[in-house]
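Contents: one structure, followed by commentary.
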Amino acid sequence: MSPPDLPEPSPDLRRYTFEEVGAADLPRLRDWVARPHVAEWWDDDEPFRDEDLADPRVDLRLVSFDGRPFAFMQDYDVRGWVGHYFGHLPPGSRGIDQFIAEPDMVGIGHGPAFISLRIKELFDGGAPAVATDPHPDNKRAVAAYEKVGFRATGEPMTTQWGLILPMVFWRKSL
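Read in order, the letters of the sequence shown are residues 1 to 174 in UniProt numbering.
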């Protein structure tokens with residue numbers, strides 16, 4: 001099955017911005033991961049630290065809508081860790097993780113919108129594939145990823161980061 005085209009940014013989608021996370025943003029991220037609707041799925045055993053900002057394998061971003069920060073998104077080199085479960089993907093492939101921190105922004109389409117935009121940026125930058133690994137019980141996240149174009153590539157599996165459902169979105173030109 002051929003992956004769907006990514007939606008072209010509409011005037012509404014252009015209202016999203018992605019800003020690099022800096023040291024001044026770390027307290028906000030720590031607060032966000034402590035919120036119950038985020039903590040349910042995001043492992044707070046890996047707190048945001050200053051050294052995370054210097055890791056060349058990972059790109060950390062605050063997501064804003066109309067200038068209001070409301071979400072976190074990171075993308076990373078899937079081949080940056082020995083034995084990573086997405087390490088079989090071609091060089092240049094990226095993995096993504098994100099959460100919406102502001103409860104009033106959950107469940108109304110923001111996730112698929114900003115995920116689509118960031119994936120388009122990654123594909124435009126040369127990534128042949130983008131992978132993600134939601135918890136299989138996080139039905140809202142799985143549905144959002146499927147809406148964007150991700151497909152499960154295997155059964156749920158236990159990793160050092162917990163139980164995941166491996167999902168991949170391939171750049172259409174491949």
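For every residue, glycine included, the Cβ atom is placed at its ideal position computed from N, Cα and C.
Buried or exposed, going by whether 16 or more other CB atoms sit within 10 Å of the CB of Val168?
buried
Please determine, among Arg140, Met73, Lys172, the residue with the shortest C-alpha to C-alpha distance to Phe123.
Lys172
Kindly list the residues whose CB is nearer than 8 Å to the CB of Pro134, restricted to its own chain and excluding five residues on each side of it in sequence; keep chain order.
Trp41, Ala141, Val142, Tyr145, Ile164, Leu165, Met167
Count the other CB atoms, across all protein chains shown, that sit within 10 Å of the CB of Ile115; report buried if there are 16 or more and exposed otherwise.
buried
Could you tell me the boundaries of the beta strand (DSSP E) in which Ala54 lies?
Ala54 -> no beta strand (DSSP E), and no H or E assigned at all.
If you compare alpha carbons, which of Lys120, Gln74, Gln160 is closest to Pro56?
Comparing alpha carbon positions, the residue from Lys120, Gln74, Gln160 closest to Pro56 is Gln74.
Under 7 Å Cβ to Cβ from His37, same chain only, skipping five residues before and after it: list those, please.
Pro103, Val106
Are there 16 or more other CB atoms within 10 angstroms of the CB of Met1, so buried, or fewer, so exposed?
Here Met1 scores only 43 on pLDDT, less than 50, and its place in the model should not be relied on; the value that follows carries that caveat. With fewer than 16 other Cβ atoms within 10 Å, it is exposed.
Where do the N-terminal and C-terminal ends of the beta strand (DSSP E) with Trp32 fall, by residue?
Trp32 -> not in any beta strand (DSSP E); alpha helix (DSSP H) instead, spanning 26–34.
Name the two residues that bound the continuous beta strand (DSSP E) containing Asp106.
Residue 106 is actually Val in this sequence, not Asp. No beta strand (DSSP E) contains Val106, which DSSP labels as neither H nor E.
With DSSP collapsed to three states, give me the class of Ala141.
helix
Distance, Cα to Cα, Ser93 vs Ile108?
29 Å
Give the straight-line distance between the Cα atoms of Thr158 and Tyr76, rounded to the nearest whole angstrom.
20 Å
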